[in-house]
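>
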Amino acid sequence: MKCDNCNKQATVHLTEIRNGKKIEKHLCEQCAAASEGVPAAKQHTPINELLTNFVMAHSGLSKDMGSTCEHCGVTWSEFRQSGLFGCQHDYDVFEKDLAPLLQRAHEGATHHVGKSPARATRGGEAAPAAAAPARPRKTVDLPRLRKELARAVEMEDYERAAKLRDQIREAEGEL
Amino acid sequence: MKLGDLTNHAGEWLRGSGPMSDIVISTRVRLARNISGFPFLARASRHQRQLLESRLREVVLACNLAPQVFYVDLEAAPEIDRQLLVERHLISRPHAAAEGARGVAVADDETASVMVNEEDHLRIQVLRSGLQLDQAWEQISRIDDLLESHLDFAYHARFGYLTACPTNVGTGLRVSVMLHLPALKLTGEIEKVFRAAKDLRLAVRGLYGEGTEATGDFYQISNQTTLGRSEEDVIGEFKLQVIPKIIDYEHHARRTLLNDRTVALDDKVCRALGILRSARLLASEETLFLLSHLRMGVNLERLKDISVNTINELFLLTQPAHLQKIQGRRLEGDLRRAARADYIRQRLNGN
Numbered sequence: 010m011k012c013d014n015c016n017k018q019a020t021v022h023l024t025e026i027r028n029g030k031k032i033e034k035h036l037c038e039q040c041a042a043a044s045e046g047v048p049a050a051k052q053h054t055p056i057n058e059l060l061t062n063f064v065m066a067h068s069g070l071s072k073d074m075g076s077t078c079e080h081c082g083v084t085w086s087e088f089r090q091s092g093l094f095g096c097q098h099d100y101d102v103f104e105k106d107l108a109p110l111l112q113r114a115h116e117g118a119t120h121h122v123g124k125s126p127a128r129a130t131r132g133g134e135a136a137p138a139a140a141a142p143a144r145p146r147k148t149v150d151l152p153r154l155r156k157e158l159a160r161a162v163e164m165e166d167y168e169r170a171a172k173l174r175d176q177i178r179e180a181e182g183e184l
Numbered sequence: 084m085k086l087g088d089l090t091n092h093a094g095e096w097l098r099g100s101g102p103m104s105d106i107v108i109s110t111r112v113r114l115a116r117n118i119s120g121f122p123f124l125a126r127a128s129r130h131q132r133q134l135l136e137s138r139l140r141e142v143v144l145a146c147n148l149a150p151q152v153f154y155v156d157l158e159a160a161p162e163i164d165r166q167l168l169v170e171r172h173l174i175s176r177p178h179a180a181a182e183g184a185r186g187v188a189v190a191d192d193e194t195a196s197v198m199v200n201e202e203d204h205l206r207i208q209v210l211r212s213g214l215q216l217d218q219a220w221e222q223i224s225r226i227d228d229l230l231e232s233h234l235d236f237a238y239h240a241r242f243g244y245l246t247a248c249p250t251n252v253g254t255g256l257r258v259s260v261m262l263h264l265p266a267l268k269l270t271g272e273i274e275k276v277f278r279a280a281k282d283l284r285l286a287v288r289g290l291y292g293e294g295t296e297a298t299g300d301f302y303q304i305s306n307q308t309t310l311g312r313s314e315e316d317v318i319g320e321f322k323l324q325v326i327p328k329i330i331d332y333e334h335h336a337r338r339t340l341l342n343d344r345t346v347a348l349d350d351k352v353c354r355a356l357g358i359l360r361s362a363r364l365l366a367s368e369e370t371l372f373l374l375s376h377l378r379m380g381v382n383l384e385r386l387k388d389i390s391v392n393t394i395n396e397l398f399l400l401t402q403p404a405h406l407q408k409i410q411g412r413r414l415e416g417d418l419r420r421a422a423r424a425d426y427i428r429q430r431l432n433g434n
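These protein sequence lines map, in sequence, to chains A and B.
Position 133 of the first sequence, counted from 1, bears residue number 142 in the numbering used here, the numbering being contiguous throughout.
Position 61 of the second sequence, counted from 1, bears residue number 144 in the numbering used here, the numbering being contiguous throughout.
(1) Leaving out the 5 sequence neighbours to the left and right, which residues in its chain are closer than 8 Å to residue 31 of chain A when beta-carbon positions are compared?
(2) So for residue 146 of chain A, helix, strand or coil by DSSP?
(3) Restricting to runs no shorter than 4 residues, where is the alpha helix (DSSP H) found entirely within the stretch 253-328 of chain B?
(4) Less than 7 Å between C-beta atoms, sequence neighbours within five positions excluded: which residues of the same chain meet that for residue 102 of chain A?
(5) Is the CB of residue 243 of chain B under 7 Å away from at least one CB in chain A?
(6) For a quick check, are the C-beta atoms of residue 181 of chain B and residue 148 of chain B less than 7 Å apart?
(7) So, for residue 398 of chain B: in the same chain, excluding its five sequence neighbours on each side, which residues have a beta-carbon less than 6 Å away from its beta-carbon?
(8) Just the C-alpha distance for residue 128 of chain B and residue 122 of chain B, rounded to the nearest angstrom, thanks.
(9) Return the first residue and the last residue of the alpha helix (DSSP H) that residue 227 of chain B is part of.
(10) So, with DSSP's three-state summary, where would you put residue 156 of chain B?
(11) Taking the continuous beta strand (DSSP E) assigned at residue 33 of chain A, which residues delimit it?
(12) Taking any Cβ of chain B, which residues in the stretch 14-31 of chain A have a Cβ under 9 Å from it, in chain order?
(13) Cα separation between residue 384 of chain B and residue 343 of chain B?
(14) Pairing CB atoms from the stretch 109-118 of chain A with CB atoms from the stretch 299-319 of chain B, are three or more of them under 8 Å?
(15) Can you confirm whether residue 141 of chain B, when its beta carbon is compared against all beta carbons of chain A, has any partner nearer than 7 Å?
(16) Measuring alpha carbon to alpha carbon, tell me which residue in A:27, A:36, A:28 and A:178 is nearest residue 18 of chain A.
(17) Using 8 Å for Cβ pairs, my map puts residue 190 of chain B next to residue 151 of chain B. What's the rounded Cβ distance?
(18) So that I know if they touch, is there some Cβ in chain B lying closer than 7 Å to that of residue 78 of chain A?
(19) Give me the Cα-Cα distance between residue 116 of chain B and residue 42 of chain A, rounded to the nearest whole angstrom.
(20) With distances taken between CB atoms, is the gap from residue 33 of chain A to residue 20 of chain A smaller than 7 Å?
(21) Suppose you measure from the CA of residue 290 of chain B to the CA of residue 299 of chain B; what does that come to, to the nearest Å?
(22) Going by DSSP, what residue range makes up the beta strand (DSSP E) through residue 25 of chain A?
(23) Buried or exposed for residue 323 of chain B, please, with buried defined as at least 16 other CB atoms from any protein chain shown within 10 angstroms of its CB.
(24) To which residues of the same chain is residue 248 of chain B closer than 7 Å at the C-beta, ignoring the five residues directly before and after it?
(25) Could you check whether residue 96 of chain A and residue 115 of chain A sit closer than 7 Å to each other, using their CB atoms as the reference points?
(26) Report the residues of the stretch 225-238 of chain B with a CB closer than 9 Å to any CB of chain A, ordered along the chain.
(27) Straight-line CA distance for residue 350 of chain B to residue 339 of chain B?
(28) Anything in chain B within Cβ reach of residue 97 of chain A, meaning under 7 Å, just list it in chain order.
(29) DSSP three-state label for residue 189 of chain B, please.
(30) With a cut-off of 7 Å, does the C-beta of residue 195 of chain B fall near any C-beta of chain A?
(31) Does any residue of chain A bring its CB to less than 7 Å from the CB of residue 320 of chain B?
(32) Classify residue 176 of chain B as helix, strand or coil using the three-state DSSP reduction.
(33) Could you tell me which residues DSSP pairs with residue 118 of chain B in its beta bridges?
(34) Starting from residue 375 of chain B, trace the alpha helix (DSSP H) in both directions and tell me its first and last residue.
(35) Give the residues of chain A in contact with residue 310 of chain B, contact being defined as C-beta atoms less than 7 Å apart.
(36) Is the stretch 259-274 of chain B touching the stretch 136-148 of chain B in the sense that three or more CB pairs, one from each, lie closer than 8 Å?
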């Protein structure tokens, strides 16, 4: 569809009711920006988003990769469909998205209260049991580094993010 | 003990001997546990599933959960045996219907069972007659400790015991109390119980738990919150607030029926007895409703020559898998309904 004013592609479509009459307008981005009564499109990207994209791009970490578990391959949307996680690590991988869900399901709770195993010395990064296939140390470290990187970016700690990025590159180079 | 030996009697939880057993049928607690280092079952390969099953079977049997324990390999078990275990509340319906390596360890007195490879690697359950919340919790916690001394459970500093579904995460504890509430149903006040339960974030379900309708005036009340509240806290709320209140309501409704609507009450009870003593074809759902009224009549001493124990046994033994096991053959449709009616007539006219 062509713009009402010029011959460019129309990307803004407006429907207005004036004195009971329906008026439709089709405009290109420039004409829309110039015309009155059209909400201005978001022109600029915030600086932290730019930086996030930059760091992500240079660390080999895309935004989507952050929401896939490296251990079992489950993605957030797969979890939302089935309601089931694929492995214990998902609770760390999706911790941020999960927290509000848990609060809704558990009367606003955010932390466990109650019994714990006598041998619980580990945190979320539970060591694999003896029966589980042993993983080479490096591949265990990489997901952690990536997670820390994502967290550093989120906290806008770019100095630390850059360091982590270098560490990730180095580890990947060695593999 | 073998599975076949179970068919002739009711399990401990149906003996009708526990505290408050005129209203509380049973107390059930379960814990969900997973083994660290293995994927949850939705993502486990066939091989990992088999590994888990054989390892967990070995541990569960070595742990002496009870003086005598038997194990049923559910992948190999015929459908009727799996159904039998569901009717006895020893396994869940999904566990019976699932595929792949899985099983259940059952204590001889049927107060405890451990499902292997259900939704979580382990689902431990304790089932007791009447209202026995503290005893049930004590027993299950001890079993949990025994298993934990051999296994590395997936545990998280923030989220507690990790489960396949986050609705169970934290304690992994589900407390379910099965109640018989015929008077509240008859006086139309049962909705009040539902609303009160909902306000306390409790679920009300039917005879077989999740996804089942309430039949024969049996209602299962269970907690939904597993994160941020300790086991003792949840048990305590059931013991001190929720269940006593519902028991009071039901007692009140029973007294009202007894004082103000005696004839209507007797009519319900005697009709139920009449049908059960005379019918030639009985469907399983109809049987539940009739037995429910009969049970109320016995508890209110409107009927004196039938024991609660007999009624409890009939509840169990007239269900499809039990009936077919007792008869020793496959029964469908009218044949099954006829066998059910025959069995009940014989039991109720005989004593």
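Just so it is clear, CB atoms sit at the ideal spot from N, CA and C, and this is done for glycine as well.
The answer reads as follows:
(1) Looking up residue 31 of chain A in the first sequence gives position 22. If we look at residue 31 of chain A and ignore the five residues flanking it on each side, its Cβ neighbours are 24 and 25.
(2) Translated into positions along the first sequence, residue 146 of chain A becomes position 137. Bear in mind that the predicted position of residue 146 of chain A carries a pLDDT of just 32, short of 50, making it unreliable; the figure below should be weighed with that in mind. The answer is helix: DSSP assigns residue 146 of chain A an H, G or I state.
(3) 265-269, 273-282 and 314-320
(4) In the first sequence, the residue the question calls residue 102 of chain A occupies position 93. Only 78 meet the Cβ criterion.
(5) As a first step, residue 243 of chain B is located in the second sequence; it is residue number 160 there, counting from the start. Yes - at least one Cβ of chain A is within 7 Å of the one on residue 243 of chain B.
(6) Walking along the second sequence from the start, residue 181 of chain B turns up at place 98. Walking along the second sequence from the start, residue 148 of chain B turns up at place 65. For residue 181 of chain B and residue 148 of chain B, no; Cβs fall outside 7 Å.
(7) Taking the second sequence and counting its residues from 1, the one referred to as residue 398 of chain B is at position 315. Closer than 6 Å at the Cβ level, and outside the excluded window around residue 398 of chain B, lie 374.
(8) Translated into the one-based positions of the second sequence, residue 128 of chain B becomes position 45. Translated into the one-based positions of the second sequence, residue 122 of chain B becomes position 39. Rounded to the nearest angstrom, the two C-alpha atoms are 9 Å apart.
(9) For the purposes of this step, residue 227 of chain B is identified with residue 144 of the second sequence, where counting begins at 1. Segment 216-231, the alpha helix (DSSP H) holding residue 227 of chain B.
(10) Counting from 1 along the second sequence, the entry for residue 156 of chain B is found at position 73. Residue state, collapsed to three classes: strand.
(11) Here residue 33 of chain A refers to the residue found at position 24 of the first sequence. Unbroken beta strand (DSSP E) run through residue 33 of chain A: 30-36.
(12) none
(13) Within the second sequence, residue 384 of chain B is the residue found at index 301, counting from 1. Within the second sequence, residue 343 of chain B is the residue found at index 260, counting from 1. Each residue's Cα considered, the two are about 16 Å apart.
(14) yes
(15) Your numbering for residue 141 of chain B matches position 58 in the second sequence. Closer than 7 Å: no.
(16) Position 9 of the first sequence, counting from 1, holds the residue named residue 18 of chain A. The shortest C-alpha separation from residue 18 of chain A is found at A:36.
(17) The residue labelled residue 190 of chain B in the question sits at position 107 within the second sequence. The residue labelled residue 151 of chain B in the question sits at position 68 within the second sequence. Indeed they touch by this definition, with Cβ atoms about 7 Å apart.
(18) As a position in the first sequence, residue 78 of chain A is number 69, starting the count at 1. Residue 78 of chain A does not count as touching chain B.
(19) As a first step, residue 116 of chain B is located in the second sequence; it is residue number 33 there, counting from the start. As a first step, residue 42 of chain A is located in the first sequence; it is residue number 33 there, counting from the start. The straight-line gap from Cα to Cα measures roughly 59 Å.
(20) On the first sequence, residue 33 of chain A is found 24 positions in, with the first residue counted as 1. On the first sequence, residue 20 of chain A is found 11 positions in, with the first residue counted as 1. Not in contact: residue 33 of chain A and residue 20 of chain A (Cβ atoms no closer than 7 Å).
(21) Within the second sequence, numbered from 1, the residue matching residue 290 of chain B stands at position 207. Within the second sequence, numbered from 1, the residue matching residue 299 of chain B stands at position 216. Rounded to the nearest angstrom, the two C-alpha atoms are 9 Å apart.
(22) Residue 25 of chain A sits at position 16 when you count from the first residue of the first sequence. Segment 21-27, the beta strand (DSSP E) holding residue 25 of chain A.
(23) Position 240 of the second sequence, counted from the first residue, corresponds to residue 323 of chain B. So residue 323 of chain B counts as exposed.
(24) Locating residue 248 of chain B in the second sequence gives position 165, where the first residue counts as 1. The residues are 202.
(25) Residue numbering aside, residue 115 of chain A sits at position 106 when the first sequence is read from its first letter. Residue numbering aside, residue 96 of chain A sits at position 87 when the first sequence is read from its first letter. In this structure, residue 96 of chain A does not lie closer than 7 Å to residue 115 of chain A by Cβ.
(26) 227, 228, 231, 232, 234, 235, 236, 237 and 238
(27) In the second sequence, counting from the first residue as 1, residue 350 of chain B sits at position 267. In the second sequence, counting from the first residue as 1, residue 339 of chain B sits at position 256. Near 15 Å, if we compare the C-alpha coordinates of residue 339 of chain B and residue 350 of chain B.
(28) As a working mapping, residue 97 of chain A is identified with position 88 in the first sequence. Here the neighbours are 117, 119, 237 and 245.
(29) Here residue 189 of chain B corresponds to residue number 106 of the second sequence, with the count starting at 1. Three-state result, residue 189 of chain B: strand.
(30) As a working note, residue 195 of chain B is residue 112 in the second sequence. No, residue 195 of chain B lies away from the interface with chain A (no Cβ there is under 7 Å from its Cβ).
(31) Residue numbering aside, residue 320 of chain B sits at position 237 when the second sequence is read from its first letter. No, residue 320 of chain B does not count as interfacial toward chain A.
(32) What you label residue 176 of chain B is simply residue 93 of the second sequence in a count that begins at 1. Helix, per DSSP.
(33) Numbered from its first residue, the second sequence carries residue 118 of chain B at position 35. According to DSSP, which records beta bridges pairwise, residue 118 of chain B is partnered with B:236.
(34) If you number the second sequence from 1, residue 375 of chain B lands on position 292. 367-382 is the extent of the alpha helix (DSSP H) around residue 375 of chain B.
(35) As a working mapping, residue 310 of chain B is identified with position 227 in the second sequence. Within 7 Å Cβ-Cβ: 111, 115, 118 and 121.
(36) no
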